[in-house]
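In this note's numbering, the protein residues as written are 609 to 845.
Using N, Cα and C, we set each Cβ at its ideal position, and we do this for glycine too.
Remember, predicted model here, so these are calculated numbers, not experimental data.
All remarks here apply to the structure that follows.
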């Protein structure tokens with residue numbers, strides 16, 4: 609999918625997950641998590657040469673600039689992606705070489721990416737500059753991982769698909785969406801997920817969700833909607 613589609617769907621999914629928690633968690637955690645999702649939604653495409661994360665242009669908003677985006681893009685590519693690829697190159701040879709929709713489009717790649725980014729955050733922020741390691745940093749890392757997982761779910765709706773278990777398995781989860789051909793389903797998914805966020809927030813505030821289920825109701829709603837999206841995406845294959 610395109611960068612703006614990744615951002616729209618990923619942020620809407622994050623909003624749905626967080627919606628029931630908005631009145632109970634510190635605002636700083638929410639902001640940090642959403643910022644992490646913003647970066648994570650584009651991060652897996654750091655394995656491509658000209659993806660949105662390498663440009664200051666806001667995806668889908670040509671007149672708006674996000675000047676820090678290339679810092680994350682090139683940082684992830686050269687300080688995260690290439691280093692975590694090295695063991696797989698040594699073990700698997702050519703199969704482990706960096707490629708688009710390779711290691712950064714797999715579960716193990718996302719876990720390693722998040723751990724390495726967390727290490728850099730600790731090294732630069734805590735060890736060198738003395739900033740405390742706290743829940744806000746953890747919220748950002750969880751958002752980063754979540755946004756990257758959402759990216760893989762979105763790419764699983766496309767014809768190119770995603771090999772979630774790469775490099776140990778080449779099996780790809782695929783859909784019927786062709787990136788850039790004007791298919792309206794990505795924006796429809798974003799709209800439906802946004803409506804889900806509003807709905808679950810309203811239901812939680814009005815007491816329509818059992819108290820013990822409130823913390824998980826957003827994640828459950830997002831999960832159900834994603835099952836529907838993946839099924840709908842298979843049409844047109």
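- For the 8 Å CB-CB criterion, residue 826 and residue 626 form a contact.
- Scanning the segment 665-717 for uninterrupted alpha helix (DSSP H) segments of 4 residues or longer gives 677-683, 690-700, listed from N- to C-terminal end.
- When secondary structure is reduced to three states using DSSP, residue 808 falls in the helix class.
- Collapsing the DSSP output to three states places residue 817 in coil.
- Out of 771, 747, 614, 783, the CA that lies nearest to the CA of residue 633 is found in 747.
- The closest CA to that of residue 622, considering only 648, 612, 610, 609, is found on 648.
- Non-local C-beta neighbours of residue 681 in its own chain, meaning closer than 6 Å and more than five positions away in sequence, comprise 654, 661, 662, ordered along the chain.
- The residue among 666, 705, 650 with its C-alpha nearest the C-alpha of residue 684 is 650.
- In the three-state reduction of the DSSP assignment, residue 621 falls in the helix class.
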